Each structure stands twice: as C-alpha cells, then as structure tokens.
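Trainee: Position one of the sequence shown corresponds to residue 2 (this note's numbering), numbered consecutively onward.
Ideal Cβ placement from N, Cα and C applies to all residues, glycine included.
It should be emphasised that the depicted structure is a prediction, and the values quoted were computed from it without experimental measurement.
Encoded as structure tokens, here's the structure I'll be asking about.
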Amino acid sequence: MFNDRLERIGDYPFDRLRALLGPIEPAAGIEPISLALGEPQHPTPDLIRTTVEANAALWGKYPPMTGTLDARAAIAAWLTSRYNLPDGMIGDQNIVPVSGTREALFLIALAAVPENIAGKRPVVLMPNPFYQVYAGAAVLSGAEPVFLPAGPETGFLPDLSAVTPDILERTALAYYCSPANPQGVIADLETLKSMIELARRHDFLLVSDECYSEIYDRGVAPPPGAAEACASLGGSLENVAIFNSLSKRSSAPGLRVGFVAGDARLIQKFSRLRDYGGAPPPLPLLAAAAALWRDESHVEQSRELYRQKFDIAKKRLDGRLGFYRAPGGFYLWLDVGDGEEAAKTLWRDAAIRVIPGAYLARTDQNGHNPGNAYIRCALVHDLEITDLALERLAKTL
Ligand SMILES: Cc1ncc(COP(=O)(O)O)c(C=O)c1O
Numbered sequence: 002m003f004n005d006r007l008e009r010i011g012d013y014p015f016d017r018l019r020a021l022l023g024p025i026e027p028a029a030g031i032e033p034i035s036l037a038l039g040e041p042q043h044p045t046p047d048l049i050r051t052t053v054e055a056n057a058a059l060w061g062k063y064p065p066m067t068g069t070l071d072a073r074a075a076i077a078a079w080l081t082s083r084y085n086l087p088d089g090m091i092g093d094q095n096i097v098p099v100s101g102t103r104e105a106l107f108l109i110a111l112a113a114v115p116e117n118i119a120g121k122r123p124v125v126l127m128p129n130p131f132y133q134v135y136a137g138a139a140v141l142s143g144a145e146p147v148f149l150p151a152g153p154e155t156g157f158l159p160d161l162s163a164v165t166p167d168i169l170e171r172t173a174l175a176y177y178c179s180p181a182n183p184q185g186v187i188a189d190l191e192t193l194k195s196m197i198e199l200a201r202r203h204d205f206l207l208v209s210d211e212c213y214s215e216i217y218d219r220g221v222a223p224p225p226g227a228a229e230a231c232a233s234l235g236g237s238l239e240n241v242a243i244f245n246s247l248s249k250r251s252s253a254p255g256l257r258v259g260f261v262a263g264d265a266r267l268i269q270k271f272s273r274l275r276d277y278g279g280a281p282p283p284l285p286l287l288a289a290a291a292a293l294w295r296d297e298s299h300v301e302q303s304r305e306l307y308r309q310k311f312d313i314a315k316k317r318l319d320g321r322l323g324f325y326r327a328p329g330g331f332y333l334w335l336d337v338g339d340g341e342e343a344a345k346t347l348w349r350d351a352a353i354r355v356i357p358g359a360y361l362a363r364t365d366q367n368g369h370n371p372g373n374a375y376i377r378c379a380l381v382h383d384l385e386i387t388d389l390a391l392e393r394l395a396k397t398l
C-alpha cells in the first residue's frame, strides 16, 4: 500500500535520537538542555506581531501560490542589496515565496528530476553530512542519491569538480549548502561560480541552500551567494535555484516563510508543481515576512548574539574536541571520537541533548560514515543557557 521508497529513506535523525536516548534517564536534579535542534530561540522580532495584527483582514483570503507582489518585491530588493546585484537582474518573475525552505527543498527535486537521463537513472548530488531533506527528496523523486564527502579532507565542503563524468552525465540536481549545516564553513565566490559553470555544462540544477547566509562571525565577510556568482558570470540565473528563509535570519522558525529564486522558466515549472501540491504562506504571515526582509536591525542584533555565544564556546572548549569557531551558521561540530556514545553520555551525565554526527550523514561506498566521530551542538539558546550547557558539556566529555 505504501511507497517503498519511504522505507529506503529511513528514519529522520530526530526519531533516531529519540530512540537512542529514550531508554536513558537524564541526570537528575538539573534542568535538561537541548542543543539538538537548530531552532533559533532569540527573541522573535515584534515586527511579526504588529504586521500580522495590521493585516488580520487577510485571514479571510486564500493565499495565491506565488505570494504577493509586495513580498516578491521585498525579496528581490533584499537579494539585490545583499549581493550587490545589478538593478533588474532579479525581478518579480524570479521569486516565489514558500512556506519555509524545507518543503521547497523537497519539492524542487520533484520538479527537476526527470524519469531518466539518456535512458539512465538520474542522480542527485549532495554533501555528506547534509540537511536530511536532500536525501529524502532524491529518493522519493526516483533519483539515485550520490553523497560527496565533506569532511576535513575537503575543507568540510563537497568537491563537485571531483565528480566523475559518468555521474555528471546522469546528474539532474545538486544540493549545496553554504554556510554549511552542520560544519559552518563558507564557500567562496570562485567556488560558487565554478559550480554554476559545471551545472550549465552538464545541464543540471544547482540548488544553493543559503539558509544560514546572515549568520557569520566577527571579521568574516558576509557569505557570498549563488545570485552574486550568477551576476559575476554575466547575470543569468540559468541552472540555479537559490533558497533562503527567515527561520534563521529573523529567528522566526515558526513563521514558516522562505523563498526560492531562479530564472523565470524554473519559477514557472516549480509553480506548476506547487499548484498541485504546495501550501503557500498565509497572507498576514507573508506581509510580516516582507516587513522582516526590509529590516536589517533585528538581523544585526541576532548576529551579534551568535558571536557572543561563539566567544563562550571558545572560552569553554578551546583546544578540546576539535573545537573551531565556525565562520558561518550557529553550530559546533565537535570531534568526540564516537558521536553516539558522546550523545548518550551527555544525556545521562549532564542532561544535555545533542545529535550524533552520524545521523546527519550517510555511510559511503567504502563503508565509512563521515559523521561518526562528531556531535552537532546548536547554539540557539540565550547566553546564560548556552554557557551553562557548554560548561556541563566541557566537564562531561
Ligand atoms: C541547511 C538547512 N536548510 C534548510 C532548512 C529549513 O529551514 P526552514 O524550512 O525553516 O526554512 C534548515 C533548517 O534547519 C537547514 O538547516
């Protein structure tokens, strides 16, 4: 009765975490703290409440699948200013707001993966470790997922130039994430440009997941994005789909608003798919989203808070567990030797919940899971809780 591909994608990492830690009693007498989920807990901008209230009349309307002109204009203006794009490069026809990027990252594979490529099974490329939705999308669209190593040996980013021609020939889509979840590294502009050129040469879609683009450390330049790379290659958005979201930028994971940007043909095809199976953001929420994309002050405050949390992490962990200060994003990717064991120990002895790196990665052709040695800690709480959690973690491991 059910699609057997669902069996093949396996359990989602947080289900696996519940199964791992369920039988273990957390340390008694101390407040449990979860660093497992990348759910920003910074104060939610008041702009959401005020804009939703002001637009309450719109709850009575079905939201259009492609959002509103106002939201698309706010997003286009944000992209243009953030990446210093030439005027007119990104316009109304290049944007579609979505209900968070998670669903859109999934749906894009259904839009982009054909039945076959020259009679062969299509491939979807992705880094390893990676945001798990990529693999679910690959498998459920009927493609073969191909995992590209993104460990210390490749600077924690996948090397698309190392993909063999026979795989590239079958590639329909490649997911790429910078700043990377979980490792926090940032791809430079040249790397983004060469990936776009590769995508164009082999006619696949490069999906650039830029959800962490606004969270970067002191002294680090704002992470370059695929739109900027397209601009420096002449301005066309062909073969590129850019994904971004307010969940991390505006600490609003519950708002469920993000966007996809790409060339007009891609947006049309994607909108066709969503006409049948998409859920557009409700209009009052989309109005709030547009207001958030027009405001940078709350983003600056939030970014500063993350920097202070990396200061705390450095104070607690410098020189230990492979600690490094991630240039982007808000995760610690700690080398603890055995991530599953460390997660169990932390829960049992310190009431700290973290996710084993292995759950965010796949075992490769050589039987190696590049996440095995790691745990991921999300620095999403306030300064006090973060300090307490990392103090416990440092004492326990
Ligand atoms: C790499 C990456 N991409 C996309 C998402 C999805 O975010 P949202 O659906 O809230 O936009 C996340 C969320 O954690 C993520 O880590």
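Taking the alpha helix (DSSP H) that P285 falls in, what are its first and last residues?
Mentor: Position 284 of the sequence shown, counted from the start, is the residue given in the question as residue 285. In the DSSP assignment, P285 falls within the alpha helix (DSSP H) that extends over 284 to 294.
Trainee: Which word fits I96, buried or exposed, when buried means at least 16 other C-beta atoms lie within 10 angstroms of its C-beta?
Mentor: By 1-based counting over the sequence shown, the position of residue 96 is 95. So I96 ends up on the buried side.
Trainee: Using C-beta distances below 6 Å, list every residue in its chain close to Q94, excluding the 5 sequence neighbours before and after it, in chain order.
Mentor: Translated into positions along the sequence shown, residue 94 becomes position 93. Correct list, in chain order: A265.
Trainee: Identify which residue in Q133, V125, L111, F148 has its Cα closest to the Cα of N367.
Mentor: Here residue 367 is taken as the residue at index 366 of the sequence shown, counted from 1. That would be F148, whose Cα lies nearest to the Cα of N367.
Trainee: Consider the C-beta atom of G101 and the heavy atoms of ligand 1; say whether any pair is separated by less than 7 Å.
Mentor: For this step, residue 101 is matched to residue 100 along the sequence shown. Result yes, Cβ under 7 Å from ligand 1.
Trainee: Run the proximity test for P41: is its beta-carbon closer than 7 Å to any non-hydrogen atom belonging to ligand 1?
Mentor: Numbered from its first residue, the sequence shown carries residue 41 at position 40. False, no ligand heavy atom lies under 7 Å from that Cβ.
Trainee: Look up C378 in the DSSP assignment and say whether it is helix, strand or coil.
Mentor: For the purposes of this step, residue 378 is identified with residue 377 of the sequence shown, where counting begins at 1. Strand.
Trainee: Is G120 closer than 8 Å to L287 when the C-beta atoms are compared?
Mentor: Looking up residue 287 in the sequence shown gives position 286. Looking up residue 120 in the sequence shown gives position 119. No, they are not a contact pair.
Trainee: Ordered along the chain, which non-local residues of its own chain (more than five positions away) have a Cβ less than 7 Å from that of A292?
Mentor: Taking the first residue of the sequence shown as position 1, residue 292 is located at position 291. Once the five neighbours on either side are set aside, the close Cβ partners of A292 are L48, T52.
Trainee: Can you give, in chain order, each stretch of the alpha helix (DSSP H) that sits fully within the stretch 151 to 207 and has at least 4 residues?
Mentor: 166 to 171, 190 to 202
Trainee: When the Cα atoms are used, what is the spatial distance from A181 to K396?
Mentor: Position 180 of the sequence shown, counted from the start, is the residue given in the question as residue 181. Position 395 of the sequence shown, counted from the start, is the residue given in the question as residue 396. If I take the Cα positions, the gap works out to 28 Å.
Trainee: Considering only the beta carbon of each residue, do S195 and I187 sit closer than 8 Å?
Mentor: Walking along the sequence shown from the start, residue 195 turns up at place 194. Walking along the sequence shown from the start, residue 187 turns up at place 186. In this structure, I187 does not lie closer than 8 Å to S195 by Cβ.
Trainee: Please determine whether the Cβ atom of N182 lies at a distance below 7 Å from any heavy atom of ligand 1.
Mentor: Position 181 of the sequence shown, counted from the first residue, corresponds to residue 182. Yes, Cβ of N182 sits closer than 7 Å to a heavy atom of ligand 1.
Trainee: Candidates A359, D383, E211, T364: which alpha carbon is nearest N373's?
Mentor: Translated into the one-based positions of the sequence shown, residue 373 becomes position 372. Among A359, D383, E211, T364, the Cα nearest to that of N373 is on A359.
Trainee: CA-CA distance, P27 and D189?
Mentor: The count along the sequence shown starts at 1 and reaches residue 27 at position 26. The count along the sequence shown starts at 1 and reaches residue 189 at position 188. Looking at the two C-alpha atoms, the distance is approximately 42 Å.
Trainee: What does DSSP give as the partner residue(s) for R122 in the beta ladder?
Mentor: Locating residue 122 in the sequence shown gives position 121, where the first residue counts as 1. R122 is not bridged to any residue.
Trainee: Report the residue from L169, F205, G156, R201 whose alpha carbon sits nearest the alpha carbon of I109.
Mentor: To locate residue 109, count along the sequence shown from 1; it is residue 108. Closest by alpha carbon: F205.
Trainee: Could you tell me whether the stretch 204 to 221 touches the stretch 246 to 260, using the rule of 3 or more Cβ pairs below 8 Å?
Mentor: yes
Trainee: Would you please state the rounded distance, in angstroms, between the beta carbons of S142 and L111? I believe it to be under 8 Å.
Mentor: Against the sequence shown, residue 142 aligns to sequence position 141. Against the sequence shown, residue 111 aligns to sequence position 110. That belief holds up - the Cβ atoms of S142 and L111 are roughly 5 Å apart, short of 8 Å.
Trainee: With a cut-off of 8 Å, do at least 3 Cβ pairs link the stretch 380 to 388 to the stretch 344 to 359?
Mentor: Verdict: no, contact absent.
Trainee: Which same chain residues, not among the five before or five after V134, have their C-beta less than 8 Å away from its C-beta?
Mentor: Translated into the one-based positions of the sequence shown, residue 134 becomes position 133. Result list for V134: R103, L106, F107, in chain order.
Trainee: Under the three-state reduction of DSSP, which class applies to E229: helix, strand or coil?
Mentor: By 1-based counting over the sequence shown, the position of residue 229 is 228. In the structure shown, E229 sits in a helix (DSSP, three-state: H, G or I).
Trainee: Run through DSSP, which three-state label would F244 get?
Mentor: Reading the sequence shown from its first residue, position 243 is the one you call residue 244. In the structure shown, F244 sits in a strand (DSSP, three-state: E or B).
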